[in-house]
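Residue numbers (this note's numbering), protein chains in the order written: chain A, 4 to 237; chain B, 585 to 990. All residues carry an ideal CB built from backbone N, CA and C; glycine is no exception. Quick caveat, the model's predicted, so the values are computed rather than measured. Heads up, the thing below is written out as structure tokens.
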Amino acid sequence: MKTVIKTTRLQKVYNGSVAPVTAVNDVNLEFYEGEFTAIVGPSGSGKTTFLNLIGGLDKPTAGHVHIEGVDISTMKESKLFDFRLRNIGFIFQSYNLIPVLTAKENVSFIMLLQKRPRAQMERRAVEMLEQVGLEDKLNSRPNQLSGGQQQRVAVARALASKPKFVLADEPTANLDTKSAFNLLDIMLRLNKEENITLIFSTHDQRVIDRARRVITLVDGAVSEDKAVSAEKNV
Amino acid sequence: MKTLIIISWRNIWRNRTRSIIIILALVLGIMGGIFSAAMRLTAEQQQMEDALKNQISHIQIHHPGFVANPEASYSIPRGSELAEELEQMDNIWAVSARTVFDGMAASANMNAGVRIKGVNPDSEAHTTSLDELLEEGTYFTGEGRLPGVIIGRELANDLNCHTGSRMVLTFQDKNNNMVHASFRVEGIYTMTSKDFERRTIFAHREVINSHIDHPDAVTEIAILLNDMEQYRQAAREFQEVWPDLKVRHWAQLAPSRYHNLEILDQVLIWILVIILLAISFGLLNTILMSILERVNELGLLMALGMKRSKVFSMVMLETAMIAIIGGILGLLSSYAMIQILNTSGVRLPGAEGMEEFGYASVLYPDIPVSFYFETAVVVIIFAILAAIYPAWKAIKIPPAQAVRQE
Ligand SMILES: Nc1ncnc2c1ncn2[C@@H]1O[C@H](COP(=O)(O)OP(=O)(O)OP(=O)(O)O)[C@@H](O)[C@H]1O
Ligand SMILES: [Mg+2]
């Protein structure tokens, strides 16, 4: 199996207001192509921090993050911006969409920054919005969409540019149960169909069950890393 | 780039009221600046034109010695012939040959130092429109027992005399003998320059020349050109033709006036700069507010891979768009305003009844087109300056923090 992400002795220490906080502590993990992984753990266990580190949004205090062999922890910032743009898809919990752009424009946004040909971009954006069941909302602005619909647009955007992997930080936290399951189903289906590696954080037991691999963080360290049989998910 | 423009454009209309208010402020600021500039410039030009038309003319010729010592002994050799020769020239509108010197004017109980100008009534009327400036009395009719003088309103007040009053002028003849000559105040003129009014007396040149025992004397030749713009070139040409005489154009004759007009342009642009500077702070504040409201969103853009330089450009573009809208609307409204006021005129409050003192009570403001361009440049520069700080703030947002769900 091809390794997409590899972390070695990854550590992040924040200068907290009282004492330094070790948010991620000596994490050594490998993520493989096509995986569908959940990062779980109680609040404050370091899930967001870990995702930010492997997504190149934050710099580790110590240790390394290799993406397909490229060390991004030592990369210059301007190169990192470009690297993120070309290789990593992001889905956040909220503030996901650009309010002044329509659903279709939001989905096209990454490809636009990548300077893809316009026609190809249009086709792909419409295709992805169809995939997430929003073919009738192409020209809606985010404020005209429900929370679940907005997250589906974010999923469509993250996957539209076919990144090496997609990071989703609590993508279902603001959704009701039905929308949460719906979103997870879409993510799972796209993970299979497009063979895109997907890593998401959650402390929502409802969605943990859908993952193939569940990594548990406690106080910034990996306390459990277990594979779940594929059959259980069907 | 196109997307950047679309995003910026939509961003500025997110808070419609705020954008409209700052645009309105820009429009009103520009209109105010251009209005005050046009009024001042027009007032100054009107005074300048009056001064040229009634006092200075475009070019004056003297004997070189006369400049330091305005005496009858420094008269222009063959001055009358020279004046006639000038009068024949194509580019000259009018010529007035004068005998000018300093002397004393005395009424029944007071006296004052004055400059006496002996003129040919017709040529003088042609050159300085002296006849049109009369507020009372007549213009060298030649009637009456004593020869007439025309004096300024200020001098008339100082010496407490009226039309018909007797006036004695004291001066030196060509042999430096004192001459006392009696005149009658025939007319009283007014003009913009109170100083000129107080100091200058007009009499018939023949009368003056006979008193100084120098029938052909001409100490000053004032020239009005057909085309005022030619004054420098014409003065240079005359100087070449008559190297022994002193030829000066109005900018040399009234250097401070000329200088005032020269720097007025800059003064006016500085007024505009100050107005727009104040508005720029409003613009800066507006943009900064919009940045602080969008911290999460801007963080998202950068998290997704939009380069800081692009985010910077986006903020600059938003500011530029507001400035361009405000600037264009401001300049168009200003242009329309000036066009309307230029035909309707602006009545100056408090100036009614001042016409008799030479002030116009209605101004027809105008401003050169270049001023609109200068204004546009100032607006653009200030918009850029106002955008830099908010744009810098925007790119300092750490993407990792901004996208954390708080
Ligand atoms: N900028 C920061 N400065 C100081 N401490 C921080 C900062 N960001 C996070 N932390 C601390 O780091 C630890 C891990 O935070 P993190 O947000 O990664 O946890 P999490 O697992 O994502 O929590 P949640 O489930 O609530 O989202 C927490 O103790 C948090 O208080
Ligand atoms: Mg978190």
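Rounded to the nearest angstrom, the gap between the Cα atoms of Glu125(A) and Val851(B) is 55 angstroms. Residues Leu610, Ile614, Leu860, Ala907, Gly910, Gly911, Gly914 of the same chain have their beta carbon placed closer than 8 angstroms to that of Val963(B), with the five preceding and five following residues left out of the count.
Straight-line measurement puts the Cα of Arg750(B) at about 14 angstroms from the Cα of Asn741(B). The beta carbon of Ala978(B) is closer than 6 angstroms to those of Ile875, Leu882, Val895, Val899 in its chain, skipping five residues each way along the sequence.
Counting C-beta pairs with one atom in each stretch, the region 687-698 of chain B and the region 656-666 of chain B have fewer than three that are closer than 8 angstroms, which means they do not touch.
With three or more CB-CB distances shorter than 8 angstroms, the region 167-182 of chain A counts as touching the region 83-98 of chain A.
For Thr77(A), the Cβ stays outside the 7 angstroms cut-off from all heavy atoms of ligand 2. For the pair Met886(B) and Pro974(B), the CB atoms are not nearer than the 8 angstroms cut-off. In the same chain as Ala986(B), and ignoring 5 residues on each side of it, the C-beta atoms closer than 6 angstroms to its own belong to Val879, Asn880, Gly883, in chain order. When DSSP states are grouped into helix, strand and coil, His788(B) belongs to the strand group. Note on Thr774(B): 16 or more other CB atoms within 10 angstroms of its CB, so buried under the neighbour-count rule.
Looking at the DSSP output, Gln14(A) sits in a beta bridge with Ala65(A).
Contacts with chain A at 8 angstroms (Cβ-Cβ) include Asn880(B).
Take the alpha-carbon of Met673(B) and the one of Ala819(B): they are about 13 angstroms apart. Here the alpha carbons of Ile70(A) and Thr10(A) stand approximately 9 angstroms from one another. Val210(A) and Asn177(A) have their C-alpha atoms roughly 13 angstroms apart. In the DSSP annotation of this structure, the continuous segment of the alpha helix (DSSP H) that includes Trp976(B) starts and ends at 953-979. Taking all protein chains in view, the Cβ of Pro839(B) is surrounded by fewer than 16 other Cβ atoms within 10 Å, so the residue is classified as exposed. Our two residues, Lys195(A) and Gly37(A), have alpha carbons roughly 7 angstroms apart in a direct line. In this structure, ligand 1 has no non-hydrogen atom nearer than 7 angstroms to the beta-carbon of Val879(B).
Taken in chain order, the complete beta strand (DSSP E) segments of 3 residues or longer contained in the region 649-720 of chain B are 676-690, 695-703.
Only buried fits Lys637(B), as 16 or more other CB atoms lie within 10 angstroms of its CB. For Thr64(A) against Gln134(A), the beta-carbon gap comes to about 39 angstroms, at or over 8 angstroms, which does not count as contact. The beta-carbon of Thr587(B) is placed less than 8 angstroms from the nearest beta-carbon of chain A.
When Cβ-Cβ separations below 8 angstroms define contact, Val103(A) makes contact with chain B. Per DSSP, reduced to three states, the secondary structure at Gly732(B) is strand.
Secondary structure of Val21(A) (DSSP, three-state): coil.
Here the residues close to ligand 1, judged by CB distance below 6 angstroms to any of its heavy atoms, are Tyr17(A), Gly19(A), Val24(A), Ala26(A), Gly44(A), Ser46(A), Gly47(A), Ser48(A), Gly49(A), Lys50(A), Thr51(A), Thr52(A), His206(A) in chain order. Taking the beta carbon of Asn595(B) as reference, the chain A residues within 8 angstroms of it are Val103, listed in sequence order. For the pair of segments examined, the region 618-626 of chain B was found not to touch the region 650-662 of chain B: the number of CB pairs separated by less than 8 angstroms stays below three. Within the region 104-117 of chain A, those residues whose Cβ lies closer than 9 angstroms to any Cβ of chain B are, in chain order, Leu104, Glu108, Ser111, Phe112, Ile113, Leu115, Leu116, Gln117. Taking the Cβ of Asp172(A) as the reference point, at least one heavy atom of ligand 2 falls within a distance shorter than 7 angstroms. Note on Gly728(B): under 16 other CB atoms within 10 angstroms of its CB, so exposed under the neighbour-count rule. By the CB criterion at 8 angstroms, Val30(A) and Val225(A) fall inside the cutoff.
Listed in chain order, the positions of the region 139-151 of chain A with a beta carbon within less than 9 angstroms of a beta carbon of chain B would be empty, since no residue qualifies.
The three-state secondary structure of Gln96(A), taken from DSSP, is coil.
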